Structures are given as C-alpha cells and as structure tokens.
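Asker: So that we are looking at the same thing, I have put the structure below in structure tokens.
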Amino acid sequence: MEKRMEKSNRLSGISGFFLDSSKLEEIKKWSSVIKGITTNPMILQKDGVVNIPEHLHKICFLVGDNFPVSVEIPYSKMSDSDMYSLADKYHAKYPSNAVIKIPILPDGRSFGMIRNMIKKGITVNATVGISFAQLALAAEAGAQYISLFWGRSEESKSKYQEGPGAQETLISLLNYIRNQNLNNVRVIIGSVRSSEQIRIAFSLGAHIVTVTSEVLQKSLESKRLTETLNQFDQAYLDAKKDRSFKLI
233 MEKRMEKSNR
243 LSGISGFFLD
253 SSKLEEIKKW
263 SSVIKGITTN
273 PMILQKDGVV
283 NIPEHLHKIC
293 FLVGDNFPVS
303 VEIPYSKMSD
313 SDMYSLADKY
323 HAKYPSNAVI
333 KIPILPDGRS
343 FGMIRNMIKK
353 GITVNATVGI
363 SFAQLALAAE
373 AGAQYISLFW
383 GRSEESKSKY
393 QEGPGAQETL
403 ISLLNYIRNQ
413 NLNNVRVIIG
423 SVRSSEQIRI
433 AFSLGAHIVT
443 VTSEVLQKSL
453 ESKRLTETLN
463 QFDQAYLDAK
473 KDRSFKLI
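Right, dumping it as structure tokens:
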C-alpha cells in the first residue's frame, strides 16, 4: 500500500499545461512544455484508437515515468464494480502514469468511488465538472485533480441559465480549496477553446489548463510577431551582403 501511495503522490502536485490528445506525433511535438496528457472517450474515438491498452502503453513509453496520463472510465452507466475493476487494471498496468478520470455523476455515487480509489493508492481526476458544488464535493472526496470544463460551464450559463459561468465558478472553487485547506487538490481547466480562456484561467489561479494541439498552436500566432520576425530576418539578410560581416 505504501508503494502505491508513493507512486500516486508523484503524479500529484503538478502545475502547467496538459495536452488534450492521444496522438503520438502531437505528444512528441509539445513534450518539452507539457506536464501531462489527458484523454477521454471522444478524443480516443476521434483519433481512431480502438485498442486502448496498447495505445496507452505507447503514450506511457513515450512520456516516461511519473508523467500523468489521464484515462477516463468510458461509460457513465457502468456498474460500480466494473468501474473499480477497470480503474484497478489501468493503475496496475501503468502505475507511474495512470490517472483515472471518474466522471462526476448526478446521483452522487462518484464520490464514494473516488474515496475508495484514493484509499487504494489510485490517482483520480474527477472530471466533467460544470458547477461549483460538483467539483467542491469531488475535492472533499479526495480527488487529487478536479476538472472544470470551461466552455461547457459557459454553455450551461448561456443555454440553461444554470450557474454563474466558468470564471466565477473557478474563483469560488479556488477560495473553497484554500479555506478548507485542501492543499493536495489541483484544479484543471478543460474544454478550452481560445488563448484568451487560457490566459484568464491561469490569471485567476488555475493550477493546470489542458488544451488541444490546435488551441496551443493558435495561441502562439500573432501578426505582430510574424511582422517582427520578418523585419529581423531582413536585417540579417541585408547585413550579410557586407563582405566583412561575421556571425562569430
């Protein structure tokens, strides 16, 4: 048990960017800046992954030990025993990588599952969080990671008039975690659609933002940056025309 808890602890306490992808080429591309990988059933389906254990093995081999790779319980209507069994198998197969994503279910049974998995030394990411209460209760249950879905939380407000939206939910959540001394909990912001949402989430105090390769790439683009680089490149090319020009 001590060994399992030690491995679990090495996968918590992490901050920065996570990549929302199961594509090996995307993981390689961003490996120097990301601190973790998140997957879900939609990502795996979109990326054409059918043999999930085999593909997870490739991801874990690529990123190395003590690098969190979130894998989600794929079907919310699974029985508790099936969820426990799957989580246990993933943890046993990838002990230094696996973070089990447990969807927060409206009947409340997720919280007991989270507590029991934590007792077994399994690192848990409570996911599909839309509201403050869902995520605060997941934190109380012991989840090391709790995932607020930014875009979907905003849609919950605009479409159904439920909740204050992502920003206010995040602020309330961080205050709750601090006031309750839940210092081992990391707040992940997912369902991010723009670089501005990344900026706001981090500036408000989110520990982790998980983004797709497309959003990460888009966040680097800047017309003024391109213009400046072109000016610097041209200055170099002009200077090179002088026969006495040297770089070193």
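Here the sequence shown stands for residues 233 to 480, where the numbers follow my numbering. Glycine included, each C-beta is placed from N, C-alpha and C at the ideal position. Computed from a prediction, not measured in an experiment: that's the story for all the values here.
Helix or strand or just coil, what does DSSP make of V265?
Answerer: Locating residue 265 in the sequence shown gives position 33, counting from the first residue. The three-state reading of DSSP puts V265 in coil, since its state is none of H, G, I, E or B.
Asker: Could you check how far apart the C-beta atoms of A365 and V417 are, in whole angstroms? I think they sit under 8 Å.
Answerer: In the sequence shown, counting from the first residue as 1, residue 365 sits at position 133. In the sequence shown, counting from the first residue as 1, residue 417 sits at position 185. No, A365 and V417 are not in contact; Cβ-Cβ is about 15 Å, not under 8 Å.
Asker: Look up A324 in the DSSP assignment and say whether it is helix, strand or coil.
Answerer: Within the sequence shown, the letter at position 92 stands for residue 324. In the structure shown, A324 sits in a helix (DSSP, three-state: H, G or I).
Asker: Compare the C-alpha of T359 against each of N272, L461 and M315 and name the closest.
Answerer: The residue given as residue 359 occupies position 127 in the sequence shown. The shortest C-alpha separation from T359 is found at N272.
Asker: At what residues does the alpha helix (DSSP H) containing A358 begin and finish?
Answerer: Start at 1 with the first residue of the sequence shown, and residue 358 comes out as number 126. Note, A358: premise wrong, no alpha helix (DSSP H); beta strand (DSSP E) at V356 to G361.
Asker: Scan the region 281-315 and note each continuous beta strand (DSSP E) run of 3 residues or more that stays entirely inside, going in chain order.
Answerer: 301-304
Asker: How is F343 classed by DSSP in three states: helix, strand or coil?
Answerer: If you number the sequence shown from 1, residue 343 lands on position 111. Look at F343 here: in three-state DSSP terms it is helix.
Asker: Report the residue from P306, R347 and I430 whose alpha carbon sits nearest the alpha carbon of K450.
Answerer: Counting from one through the sequence shown, the residue named residue 450 turns up at place 218. Closest by alpha carbon: I430.
Asker: How big is the Cα-Cα spacing for K260 and S445?
Answerer: Here residue 260 is taken as the residue at index 28 of the sequence shown, counted from 1. Here residue 445 is taken as the residue at index 213 of the sequence shown, counted from 1. Distance from the CA of K260 to the CA of S445, rounded to the nearest whole angstrom, comes to 11 Å.
Asker: How many angstroms separate the CA atom of Y468 from the CA atom of S476?
Answerer: Counted from its first residue, the sequence shown places residue 468 at position 236. Counted from its first residue, the sequence shown places residue 476 at position 244. Each residue's alpha carbon lies about 13 Å from the other.
Asker: Report buried or exposed for A324, applying the criterion of at least 16 other Cβ atoms within 10 angstroms of its Cβ.
Answerer: What you label residue 324 is simply residue 92 of the sequence shown in a count that begins at 1. It counts as exposed.
Asker: Can you have a look at L405 and say buried or exposed, based on whether 16 or more other CB atoms are within 10 angstroms of its CB?
Answerer: Residue numbering aside, residue 405 sits at position 173 when the sequence shown is read from its first letter. Buried is the call here.
Asker: From H289, V441, L457 and Y408, pick the residue whose C-alpha is nearest to that of G422; which is it?
Answerer: Within the sequence shown, numbered from 1, the residue matching residue 422 stands at position 190. Comparing Cα-Cα distances from G422 to each of H289, V441, L457 and Y408, the minimum goes to V441.
Asker: Kindly indicate the opening and closing residues of the alpha helix (DSSP H) around K450.
Answerer: If you number the sequence shown from 1, residue 450 lands on position 218. Element bounds for K450: S445 to L452.
Asker: According to DSSP, is R410 helix, strand or coil?
Answerer: As a position in the sequence shown, residue 410 is number 178, starting the count at 1. R410: helix per DSSP, three-state reduction.
Asker: If I measure Cβ to Cβ from A438 and keep anything under 7 Å in the same chain, skipping five residues before and after, which residues do I get?
Answerer: Taking the sequence shown and counting its residues from 1, the one referred to as residue 438 is at position 206. The residues are L402, V419 and I421.
Asker: What are the complete beta strand (DSSP E) segments, minimum 3 residues, inside the region 363-418?
Answerer: 377-381
Asker: With which residues is K255 paired in a DSSP beta bridge?
Answerer: For the purposes of this step, residue 255 is taken as residue 23 along the sequence shown, with counting starting at 1. For K255, which the question treats as bridged, DSSP gives no partner whatsoever.
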